[in-house]
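The sequence shown: position 66 = 70 (the numbering used here), numbered continuously. Backbone N, C-alpha and C define an ideal beta-carbon position, used for all residues, glycine too. This structure is a prediction, so every number in the text was calculated from the model and none was measured. Heads up, the thing below is written out as structure tokens.
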Amino acid sequence: MPSIVPLIWKERTRLVAEVAGALRSDRSRTFDVDVWADHLWSRVVEAIDGADVHRVVQHVVSLLDACFPREVAAALDVVEVNLVDAAETLADARRVAEILGRSRDALISAAGGEGDDARKFRAVFDSSNDAVMLLTTDGFFDCNARTLELFGVAERASFIGRHPGELSPATQPGGVDSLRAAAQWIDVAVARGSIEFDWVHTRADGSTFPALVSLRRFSYGGRIALIATVRDLSERERSTQAIREREGKFQAIFEGSNDAIMLLNRDGFFDCNTRTLEMFGLGSKVAFVGAHPGDFSPPSQPGGDDSWTAAQAHIEAAFADGSRRFEWIHRRQGGVDFPAEVLLTAFDYGGERVLQATVRDITERRAALDALQASERRFRAIFEGSNDAIMLLSRDGFFDCNTRTLEMFGIPSKDDFVGAHPADFSPEFQADGASSREQAQAKIDVAFAEGSVHFEWLHRRRDGEAFPAEVLLAAFDYSGERVLQATVRDITERKEAEIALKRAKEEAEAANRVKSLFLANMSHELRTPLNAIIGYSEMLVDEATGSRAALADYYKDLTRITSAGRHLLVLINDILDLSKIEADKMRLSVEDFEVPALVDEVVSTLGTMVAMNHNLLSVRLDPAVTTIRSDKTRVRQLLFNLLSNACKFTERGEISLSVTASGDEAAPMIDFAVGDTGIGIAADQVESLFEPFVQGESPERSRSSGTGLGLAISRRIARLMGGDVTATSVLGAGSTFTVSLPLRFEAEAEVEAEG
5 MPSIVPLIWK
15 ERTRLVAEVA
25 GALRSDRSRT
35 FDVDVWADHL
45 WSRVVEAIDG
55 ADVHRVVQHV
65 VSLLDACFPR
75 EVAAALDVVE
85 VNLVDAAETL
95 ADARRVAEIL
105 GRSRDALISA
115 AGGEGDDARK
125 FRAVFDSSND
135 AVMLLTTDGF
145 FDCNARTLEL
155 FGVAERASFI
165 GRHPGELSPA
175 TQPGGVDSLR
185 AAAQWIDVAV
195 ARGSIEFDWV
205 HTRADGSTFP
215 ALVSLRRFSY
225 GGRIALIATV
235 RDLSERERST
245 QAIREREGKF
255 QAIFEGSNDA
265 IMLLNRDGFF
275 DCNTRTLEMF
285 GLGSKVAFVG
295 AHPGDFSPPS
305 QPGGDDSWTA
315 AQAHIEAAFA
325 DGSRRFEWIH
335 RRQGGVDFPA
345 EVLLTAFDYG
355 GERVLQATVR
365 DITERRAALD
375 ALQASERRFR
385 AIFEGSNDAI
395 MLLSRDGFFD
405 CNTRTLEMFG
415 IPSKDDFVGA
425 HPADFSPEFQ
435 ADGASSREQA
445 QAKIDVAFAE
455 GSVHFEWLHR
465 RRDGEAFPAE
475 VLLAAFDYSG
485 ERVLQATVRD
495 ITERKEAEIA
505 LKRAKEEAEA
515 ANRVKSLFLA
525 NMSHELRTPL
535 NAIIGYSEML
545 VDEATGSRAA
555 LADYYKDLTR
565 ITSAGRHLLV
575 LINDILDLSK
585 IEADKMRLSV
595 EDFEVPALVD
605 EVVSTLGTMV
615 AMNHNLLSVR
625 LDPAVTTIRS
635 DKTRVRQLLF
645 NLLSNACKFT
655 ERGEISLSVT
665 ASGDEAAPMI
675 DFAVGDTGIG
685 IAADQVESLF
695 EPFVQGESPE
705 RSRSSGTGLG
715 LAISRRIARL
725 MGGDVTATSV
735 LGAGSTFTVS
745 LPLRFEAEAE
755 VEAEG
């Protein structure tokens, strides 16, 4: 604030009295000279402080209808005497001269003629930056050009006669009726001589704007009139709001930034945000303000430069060039160094050139960059060390490949490879007859759309040799572009091995079929002489029995021959049955038969075997089970096998046969469950019992006779008849084997069994 202004406020009462005295005369007055003098000094202070001088001028000439020009001139002389005496600086003197000079010019211009027109002081009136209107109780009777512009009125004639309330919305912001409030302000102005207040006006287009209204009373043509000055505050409010918003945004950015932001002049730091204190480990701004950037750095930078000297060089460059960006090593309060990116930006602040220093901690970025470089090295090692061909492919073609690619395709260098299309390294057509180029493009499109695609492909080397390959296309982002990595593996050896393996498998299967056919065809040749041996041995046993005294020495030998022959016949029958199944020679003879009768027959046949190991056999037959349609001989064989196994591996125990209905109406079944309390078998060995030539690993099972084919044949026969054989067992507690067969095995199943 200029030095003269405090004097005015301090001597306000005296100065007002001196100016008011210059205006007093014997004439009756319609205004308060003290109020006029007080407002004059207020306007002078505003003008000295940088506001528009027009307000002083308007105030000076506003009383010409109530005063002689010489009285107003005398008042200005009093102002000049007081201000000139008080002026201590050239700036004060120049501002006083400007104010008084423009006021005197306006006074002379306004008083230059006789009568009412002269007193309208048109020169000042029309040159004002504010809207100036003259009104009486009848409404407006004159206005300046700025009034028409501000209210959007085309000409002065359409403005004359209107009331102030008509230039306002229905109500003011506080809800007060505009017409009533305007009338009250006019009454106050007439009574007091002047008034100033905030108001909301309305333009001709209906838009509203805030305004500062000043009403001053004066005499016009023997009547009391008012001069209304309206200043549009829209710009000021917008500017004030914009300033507030900018300050709010700046503060939000300043304090909300994840970067450290510091303000720096040539004497050091003078402000910083909270992030600065956090980044450098400082407790408060007191420890920061006044410091030099070198105070928060190690003694030297990585290149060996002294931190203080280098920091000062960057500061000078930023002041000279306007900005400076560089990387720097900073140091926290605890002595921990960290890499940072620094931006110094010069700007004017409070009439001084300063710098804003923005510091970003790039520790994580450096670590990420190091990790990326390490990853790149690992990728390159894998890329170049792979035994597969690895190629990078964009929609424009290949743009990189590893060394193995050049070797696989017989290409001299990458220059001969880059830019090519996958179809360029393929025969014209694939093995299925499809066009290589069309098919390759289709695979590429799928990989881009779905992320990856895996397929087999026929490639071609540079010398024309075609070879089979396994291809994986995987999409990924590379330098801001979506590309594909193509991994190609030459599978020539694998294909040759697959062909050889398939050929060997076919040969083995053929040999196995020949073996099975041979055994199946040998059925008659093996059984006929064996049956003859058993038959004749039985005859000799009968004869020896009749004359035991004469043939006593041969009886035991003959019974052994018979027993061994029968056992051998069982073994041969098992082997031949399995061979028939494997050679697709076993036929099923399907018929309807009574289940109870079949069960009685099997139980009677096994009576001796049950008693041999002192076991008890119980049978439970579901009354609902009567007949079944299946192969009776094979069902008998299944029950005999399971019951004989139960008798063989159970001593002094219990054996049970339970026959029940199962399944549902759509697929009715019959379950034949054979249980025992014998030696049992471990749960993890149960399924292996159904493999050919496999027996349980317990000593009791190892000592038992047999080929290990019984259960394998039983399951295969059951499955040929549409059923199955399952087992549950507990080691040392016994086992249960269940044969599940369809109640009605349909006639169309009476065909040659499928192996």
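- Restricting attention to 379, 453, 195, 186, the CA atom closest to the CA of residue 201 is found in 186.
- Contact between residue 489 and residue 394 holds: CB atoms are separated by about 7 Å, below the 8 Å threshold.
- The Cβ atoms of residue 679 and residue 735 do not sit closer than 8 Å to each other.
- Counting of Cβ neighbours within 10 angstroms places residue 227 among the exposed residues, the total staying below 16.
- Excluding five sequence positions before and after residue 502, none of the CB atoms of its chain fall closer than 7 Å to its own CB.
- Beyond the five residues adjoining it in sequence on each side, residue 347 comes within less than 6 Å, by CB distance, of 329, 362 in the same chain, given in chain order.
- With respect to the 8 Å criterion, residue 635 and residue 742 are not classified as neighbours on the basis of their beta carbons.
- DSSP places residue 43 in the helix class (H, G or I) of the three-state scheme.
- Across the structure, residue 145 and residue 139 are spaced so that their CA atoms are roughly 6 Å apart.
- With three or more CB-CB distances shorter than 8 Å, the region 491-498 counts as touching the region 462-473.
- Collapsing the DSSP output to three states places residue 398 in a strand.
- For the region 618-645, the full-length beta strand (DSSP E) segments reaching 3 residues or more read 620-625, 631-634 along the chain.
- Between the region 409-424 and the region 434-446, the count of C-beta pairs closer than 8 Å stays below three; the two stretches do not touch.
- Residue range 356-365 is occupied by the beta strand (DSSP E) that includes residue 360.
- DSSP lists 739 as the bridge partner or partners of residue 733.
- Under the criterion of beta carbons closer than 8 Å, residue 267 and residue 337 do not qualify as touching, at roughly 20 Å.
- Taken through DSSP and simplified to helix, strand or coil, residue 429 comes out as helix.
- Between the region 76-88 and the region 100-108, the count of C-beta pairs closer than 8 Å reaches three or more; the two stretches touch.
- For residue 664, same chain residues with a beta-carbon under 6 Å away, outside a window of 5 residues either side, are 626, 675 in chain order.
- In the DSSP assignment, residue 672 falls within the unbroken beta strand (DSSP E) covering 672-680.
- In this structure, DSSP gives residue 258 a helical state, which the three-state scheme calls helix.
- Under the three-state reduction of DSSP, residue 302 is assigned to coil, being neither helix nor strand.
- Residue 272 is bridged by DSSP to 269.
- Non-local beta-carbon contacts of residue 272 in its own chain, meaning distances under 6 Å to residues more than five positions away in sequence, involve 294, 295, 296 in chain order.
- Listed in chain order, the non-local C-beta contacts of residue 677 below 7 Å within the same chain comprise 662, 740, 742, local neighbours out to five positions each way being set aside.
- Separation of residue 191 and residue 261 (C-alpha to C-alpha, rounded to the nearest whole angstrom) is 56 Å.
- A straight-line Cα-Cα distance of about 24 Å links residue 370 and residue 312.
- In this structure, residue 746 keeps its C-beta atom at 8 Å or more from the C-beta atom of residue 714.
- Shown here, residue 600 sits in a helix according to DSSP, grouped into three states.
- Distance from the Cα of residue 137 is smallest, within the candidate group 479, 76, 543, 229, for 229.
- For residue 374, the three-state secondary structure derived from DSSP is helix.
- Shortest Cα-Cα distance from residue 54 to any of 504, 199, 95, 411 involves 95.
- Your pair residue 463 and residue 429 checks out as a contact, with CB atoms roughly 6 Å apart and the cut at 8 Å.
- In the three-state reduction of the DSSP assignment, residue 489 falls in the strand class, which pools E and B.
- Annotation: residue 175 to residue 153 spans about 23 Å, alpha carbon to alpha carbon.
- Remark: C-beta atoms of residue 640 and residue 602 approach each other more closely than 8 Å.
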